[in-house]
Amino acid sequence: MLQMDNSTKDNKNIHVLAFCSELVKRGIFETVEVNFLMVGHTHEDIDALFSKVSARTINKDVLTLPSLMAKIWESEAMHPVPLLLEEVPDYKSYVGGFLDKLEGHSKPIGFRFSMANNVPIYKFQSKVDGPWVPEGGHSLWKKQNG
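Everything in the sequence shown is counted per numbering that gives the first Met the number 0, starting at 0 for the first residue and increasing by one.
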């Protein structure tokens with residue numbers, strides 16, 4: 000499950016949703032659920048984590064990314080494992096020609112990705128306790144000929 004800011008510019012867009020769909024398509028996960036939090040509640044979980052990191056770094060010089068990563072690891076009993084990404088591929092260009100048009104995605108608060116008949120599909124939820132619809136799901140991907 001992913002929890003993100005409810006921003007169509009940064010998170011709630013076809014490329015982020017396509018990446019979630021591809022995680023299911025490639026068999027990395029059976030399902031991926033993405034939830035977008037209400038305005039005003041978007042940073043609660045991450046703020047709680049970083050308040051612990053802040054407590055470990057206050058009045059200390061943390062001058063390198065590896066030393067910051069060590070402080071993040073030390074901040075929780077479950078030891079979150081920070082990763083330093085040195086290269087990020089251009090996913091938008093990679094999938095651009097394969098995606099269908101996405102409409103009506105700004106209102107739902109959640110998306111659930113799964114496979115149906117060998118096709119990655121998504122359903123959406125408009126309220127926290129609402130149903131996942133539509134019943135058969137939608138695909139983000141253009142139908143392939145052949």
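Where a beta carbon is used, it is the ideal one built from N, C-alpha and C, also for glycine.
task = Report yes if the C-beta of M114 is less than 8 Å from at least one heavy atom of the ligand NAP; otherwise report no.
result = This structure does not include the ligand NAP; it has no bound ligands of any sort.
key: For F112, the three-state DSSP class (helix, strand or coil)   = Per DSSP, reduced to three states, the secondary structure at F112 is strand.
message = DSSP three-state label for P65, please.
response = Looking at P65 - three-state DSSP - the assignment turns out to be helix.
query = With respect to the beta strand (DSSP E) encompassing L98, which residues constitute its N-terminal and C-terminal limits?
reply = Where L98 is concerned, there is no enclosing beta strand (DSSP E), because DSSP gives it neither an H nor an E.
inquiry  = Suppose the cutoff is 6 Å on Cβ atoms and the five residues either side in sequence are ignored; what does the same chain contact list for S20 look like?
reply    = Once the five neighbours on either side are set aside, the close Cβ partners of S20 are F112, P119, L139.
query = So, are the CB atoms of L67 and P81 less than 9 Å apart?
reply = In contact: L67 and P81 (Cβ atoms closer than 9 Å).
query = Taking just the CA atoms, how far does D9 sit from K100?
reply = One C-alpha to the other measures close to 17 Å.
inquiry  = Looking only at its chain, what residues have a beta carbon closer than 6 Å to the beta carbon of W72, apart from the 5 residues adjacent to it on each side?
reply    = Cβ neighbours of W72 beyond the five flanking positions: H78.
message = Using a Cβ-Cβ cutoff of less than 6 Å, which residues in the same chain neighbour Q2 once the five nearest sequence positions on both sides are dropped?
response = Apart from the 5 residues on each side of it in sequence, Q2 sits with its Cβ closer than 6 Å to the Cβ of N34 in its chain, given in chain order.
ask   = Where are the alpha helix (DSSP H) runs, 4 residues long or more, that stay fully inside the region 5-41, in chain order?
value = Counting only runs of 4 or more, we get 13-24.
query = Under a Cβ-count criterion, where at least 16 other Cβ atoms within 10 Å of its own Cβ denotes burial, should Y121 be classed as buried or exposed?
reply = Counting the other Cβ atoms within 10 Å of the Cβ of Y121 gives 16 or more, which makes it buried.
key: For K122, the first and last residue of its enclosing beta strand (DSSP E)   = For K122, the enclosing beta strand (DSSP E) starts and ends at 118-124.
request  = Following the continuous beta strand (DSSP E) through E134, name the residue where it begins and the one where it ends.
outcome  = Residues 132-137.
ask   = Under 9 Å between the Cβ atoms of H157 and F97?
value = This structure cannot settle anything about residue 157, because the visible part of the chain is limited to 0 through 145.
ask   = Whole-angstrom Cβ separation of K24 and V52, contact assumed at under 8 Å?
value = Under the criterion of beta carbons closer than 8 Å, K24 and V52 do not qualify as touching, at roughly 35 Å.
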